[in-house]
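First up is the structure itself, then whatever we jot down about it.
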Amino acid sequence: MGVAASRAAADKILSCGSADHQMAECPARRSARAKTALDAARAEAERIVRAAEAEADRMVRAAEAEVKEAEAAEKAEAEKKAAAAAAAAEVVKVEEAEVVVVKLEEEAAASGGPSGPPSALSQLDGDEQRPRQPGAGLAESTGAPPPVAAATKHDVADAAQGLHASGSDAGLASAKVKSDKELEKERKKAEKVAKLEAKKIRAAQLAAAPSKDKKTKEKKDEEVVPPYVEDTPPGHRKRIRPFDDANFKAYDPVAVESAWYDWWEKSGFFKPEFKADGKVKDAGSFVIVHPPPNVTGSLHMGHALGDSLQDLMIRWNRMKGKTTLWLPGCDHAGISTQSVVENMLWRRQQKTRHDLGRTAFVETVWEWKEDYHKRINKALTRMGGSFDWSREAFTMDANLSAAVVETFVKLHEEGVIYRANRLVNWCTKLNTALSNLEVSNKELTGRTLLDVPGYDKKVEFGVIVHFKYPVEGSDETLEVATTRVETMLGDTGIAVHPKDARYKHLVGKNAVHPFIPGRKLPIVADEYVDMEFGTGAVKLTPAHDPNDFTLGQRHKLQFINILTDDGLMNDNAGPYKGQKRFDVRYTIQDALKEKGLYVEKKDNPMKVPLCEKSKDVIEPIMKPQWWVRMKELAEPAMEAVRDGRIAIKPDTAERSYFRWLEDINDWCISRQLWWGHRCPVYFARVQGGTDMPEDKLWFSGRSREEAEKKAAAALPGKEFTLEQDEDVLDTWFSSGLWPFSTLGWPSKTHDLETLYPTSVLETGWDILFFWIARMITLGLKMTGKVPFKEVYCHSLVRDSEGRKMSKSLGNVIDPLDVISGIKLEDLHEKLHQGNLHPSEVQKAIKYQKTAFPDGIPQCGADALRFTMINATTGGADINLDVKIIHGYRKFCNKIFQATKYVLGCLPDGFTPAKNGSARGVTLAERWILHKMNSAARDINAALAEREFMRSTIIVYRYWYNELCDVYIENSKAILREGTDEERHSALQTLYTALEAALTMIHPFMPFITEEMWQRMPRRPGDETKSIMLARYPQYEAALDDGESETAYELVLGCTKAARSLMAEYSVKTDAQVIVQALNDKALGHCNRELASIRSLSGRAVKDMDVIGPSAPRPAGCVAYPVSTHAAVFLYVKGRVDMDAELAKAHKKLDKARMAAQKLEKILGDAGYQEKVSAAVQDADRQKLADARQEEQSFLETVKQFEQLKLE
């Protein structure tokens, strides 16, 4: 309701009130007081109307908070019969608020937020909004506020009519002439009632707004779509169904993504193409060996991230005409797989691997591997990965096993692999040694109780225990301290600093062990000891501590192991034999107290080493193991990166790579497992014994026969038997050979000769040392070549709260669940089917209920892939929210609907031009072709530089902001009103722009692009079978048209200005818009493109005119400065509140003035003029000119409003 209408309504209500009052009283009883009261009521009504106009904005902002108080209105029911004039005026105020609500809604729709407004094409999209991404759309928003609920209006009407109704109540109400005080009291009461009613009305509005959308959606839901059933025979080209098919009326990822993969694979599109002579194509080759997932379960979102990036690169290079290969495979994952199978075996059958025996257990693991291998491959195919499955590898396949044997034997023969009895990281839970990289250190700030596998109660860590050793032959004691007091049972010495005066007299003497009879601990002097730390005396346990190991060797101390492989005390622990290590931690302190040797216990910050797989506390234990000398392998690996043969991205990963290799230790490669590559080395057990060192009695061989020959040569005349080492090799040893073993090494195959080195190794930065560095060291050593030319390390994927994804937390997301969708109860069921402990299952269920209260919605593979690529910045870790993926499902819908619309525009028998290089007839065509060309240039550059997030922004912007929101919208006017030549040209341009859009986004979204591309007519002579083999869009100089871009940007600027003005001033219909060109060139553009400007400005525009630079400023209008080339005016006289708008204009004027002054200050700075390039200065001067133009425009607006107030 407008201001004038509001006044009329108020006057009408007041006049009605006056008439009713007269009916109740005879003219003789009418007094001067009544007249005064009536005049006061009319004045008060006028004041309320004015207040409503001024306070409307404030009411809208406060309404949401006040809704909560709306229930208080119930208490005011008895007061509804109050003064009609005030109540009616407040109703007017509410109606004015509705107008402001509409205005704010349209402002929000026009500004679009971070995603931009929906386009007119969104009529095809239903109620969906675009996902997050910058970009301003231009098409029309037609939302209208919901009507006030009828019941609410009825309540307000009742309140007003109660005073005007005939009958006894009315007569009583007016029988007595009221005093000024009584009238004022009633006026305030009426105002209060009206405010409460306003709250109820606003609450009804807020409730009604979503209900309108809900009704629309419910109506859509009523249209039951049958489940999609694929009728294409497996491996055949998909049978294309028409868009009027129930499953293709709207975007459905199940229907769109069905059948294509089998056809791609069966057609051989994934295989590398070679020339007739067997060499790679002239464009070159691009090869990625897929980082092999572990066969321990399902894939997770980290895999989805890496696979999306790799397939993007593979498909992009294939479309550029290169010989491409993405080689798939799985890793046997020794420790992980054996641990999972052992847990499963115990939970299901209460058996250990020892109950089965080695052969039967390994067979069980193979069965597990086959099952989960298939699941992994299913997920990879559902995601659209263009793998050459004919070359699939597994680390325990025959050829890869042969590569492992060849590498071990060769390195053993050269002495690079050797055997030594050293301290290793021992996991008592898994009963195996671990490399340093398989151990994580938990930081503790002080006393902490930790869960340890095999213990019912938590174990104390983060403390240091002080106790005393008696000195032999004296009453003296020597105080020491330790964080692992149980290891004192393995102590064989005490070290002090040679210059420490406190202990000089004790050096050379012995301490006596209080619990192990006969064991003496030599007291030695060593500068390693820090005199200032603790007591200055250090207990030495050479067989259980890395630092003590070195001191023990230096001072020739005994190395006494006190632990069994299971973490129990052995015979060397004396009376504690058979007890658990951490039980002894407590009992030994009690024993020390009994002997008077206990001193104290203090908090102590420390690191606790934990097994990455079992979470057991690692014990350093002496074990004979196989080791690789890494120093001599590390230097060539560093040199390969320094000289540019290998590029590691991002830079942070490269720095980490050097830091680790520069300080590398020898690598323990043997594992006490059953699942894996058994060490190809044999121990010669000589009859009658031999004087040879034990490490010389080990013989490696590619076969037992080869090992026997080596042993016979080394042991002439000796009788011996060979026993193969029971241990297996570290999983990373075989994985380190992956880039060349998968291509056939050690055999000289065609793949190895033509496709090695590979192109890119893409993986997570967390396995930079585990895998990448080892592939480089072993690749250089075994082949003489780098294994790949580039390493790209992606970020880690975390949950929406930034936590590392863990099965025990329940936040691990299966990509298949995102693609297909899954109910919450089914998510819970998957937890029960896994290997989690029951307590962990409950914790995981709790998280799932919070994170996925409605389960995971169906998103499809294309949306999943695009989201993961978009999230890749090369920097920080990724906090993944499933809602974002679902948002990109709506982008897929946009692609589907836009393509459907364009195909619907093409007439029957339409034949596209032989090529898409025609510039187009209209300015809009030249603009979109220029944008298409620019997008092709920019996206190729972004992908080449591995700027993956930027590449998604480029293709998204082209699809959404440029093709859909602008050109498709503009083409409607051309197709409707243009000449035959213009219409034909527009159709050709529509085809070219859409074809480029589909091929450009294909590597990101392979399924929907194939589905849509196959529906398009082919250009003459084009026999390309699949979009994945089509030519990727490339920059063409002929389509570069900066002049048309500038001209059309003026059109878009004018459109944006018109829309913004209409939204800001709530002009929804009959808008009168004037475009003023500020120079002759702009005038020509605006006149020629008037139809486009009007079309893109929306349906609210009734009239649109163009005026020249010399024309006076249009009267009764507000202005929007586009640039120094144009300004747009909207006629608002009689349609807005002048005072409020004048205040807004003053604010904008002040803001524009400050911006101009800031630019002037920068441009006037002497340092700026000296240091900044001329091009940048020119650009800044243009910005200043635009800012001054904007300032002038707002100044004119202020003057215009002031003038309008006077008219």
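The sequence shown begins at 1 in full-length UniProt numbering and counts up by one. Note that the Cβ used here is the ideal one computed from N, Cα and C, for glycine as well.
What number of angstroms, rounded off, separates the C-alpha of residue i from the C-alpha of residue j?
i, j, result
"W745", "P739", "9 Å"
"A511", "F533", "21 Å"
"Q988", "L998", "15 Å"
"I928", "R645", "41 Å"
"E962", "G1042", "15 Å"
"E995", "E762", "30 Å"
"F1129", "H1085", "17 Å"
"T564", "T952", "56 Å"
"H794", "C1117", "54 Å"
"D57", "S1097", "In this predicted model, D57 has a pLDDT of only 43, less than 50, meaning its place in the structure is not dependable enough to derive any value."
"F269", "R642", "37 Å"
"E982", "I974", "7 Å"
"L444", "L450", "10 Å"
"A1119", "I968", "28 Å"
"Q1200", "R957", "38 Å"
"S267", "R1031", "18 Å"
"S119", "A250", "Reliability fails at S119, whose pLDDT of 35 lies under 50, so the model's placement of it is uncertain and the value that follows must be treated cautiously. Cα to Cα, the separation comes out at about 17 Å."
"V225", "L729", "55 Å"
"K900", "Y1048", "26 Å"
"A52", "G1134", "Residue placement at A52 is poorly supported in this model, since its pLDDT is 45, which falls under 50; the coordinates still yield a value, given next. When rounded, the distance between both Cα atoms is 17 Å."
Residues in the same chain with beta-carbon distance under 8 Å from residue i, minus the five sequence neighbours each way, listed in chain order, please.
i, result
"I376", "P293, V295, S298, L299, C330"
"T681", "Position check: residue 681 holds Val in this sequence, whereas Thr was assumed. Excluding sequence neighbours, V681 sits near F408, H412, W626, W698, F699, S700, G701, A707, Q724, D725."
"D854", "L824"
"D388", "F270, K271, P272, L325, W326, L327, P328"
Count the other CB atoms within 10 Å of the CB of residue i; is the residue buried (16 or more) or exposed (fewer)?
i, result
"G887", "buried"
"M692", "exposed"
"S18", "With a pLDDT of 37 at S18, under the threshold of 50, the modelled position of that residue is not reliable, and the figure given next carries that caveat. So S18 counts as exposed."
"P787", "buried"
"V405", "buried"
"D545", "buried"
"P1017", "exposed"
"Q1203", "exposed"
"A671", "Checking the sequence shown, residue 671 turns out to be Arg, not Ala. So R671 counts as buried."
"E1089", "buried"
"S747", "exposed"
"E223", "exposed"
"I240", "exposed"
"R976", "exposed"
By Cβ distance, which residues of its chain are closer than 7 Å to residue i, with the 5 residues on each side in sequence left out?
i, result
"L540", "D491, T492, G493, I494, A495, D548, L551, G552, L557"
"A433", "V424, N425, W426, K623, Q625, C668, S670, R671, Q672"
"S734", "T395, L400, V404, H677"
Using a Cβ-Cβ cut-off of 6 Å (strictly less than) and excluding sequence neighbours within five positions of residue i, which residues of its own chain qualify?
i, result
"L943", "W316, S951"
"K710", "F699"
"T873", "M949"
For a quick check, are the C-beta atoms of residue i and residue j less than 8 Å apart?
i, j, result
"P620", "L423", "yes"
"N431", "D571", "no"
"V1198", "L1142", "yes"
"W674", "V254", "no"
"L1184", "L1163", "yes"
"G235", "W263", "yes"
"T428", "D616", "yes"
"A1187", "A1145", "no"
"S440", "E230", "no"
"Q848", "L827", "yes"
Does the ligand NAD have a heavy atom nearer than 7 Å to the CB of residue i?
i, result
"F720", "The ligand NAD is not part of this structure, which contains no ligands at all."
Say whether the segment 1025-1044 touches the segment 872-879, bearing in mind that this needs 3 or more beta-carbon pairs closer than 8 Å, one atom from each stretch.
Inter-segment contact for the segment 1025-1044 and the segment 872-879 is absent: fewer than three beta-carbon pairs are separated by less than 8 Å.
Is it true that the segment 459-466 meets the segment 596-610, where meeting means three or more beta-carbon pairs spaced less than 8 Å apart?
Here the segment 459-466 lies against the segment 596-610, with 3 or more beta-carbon pairs under 8 Å apart.
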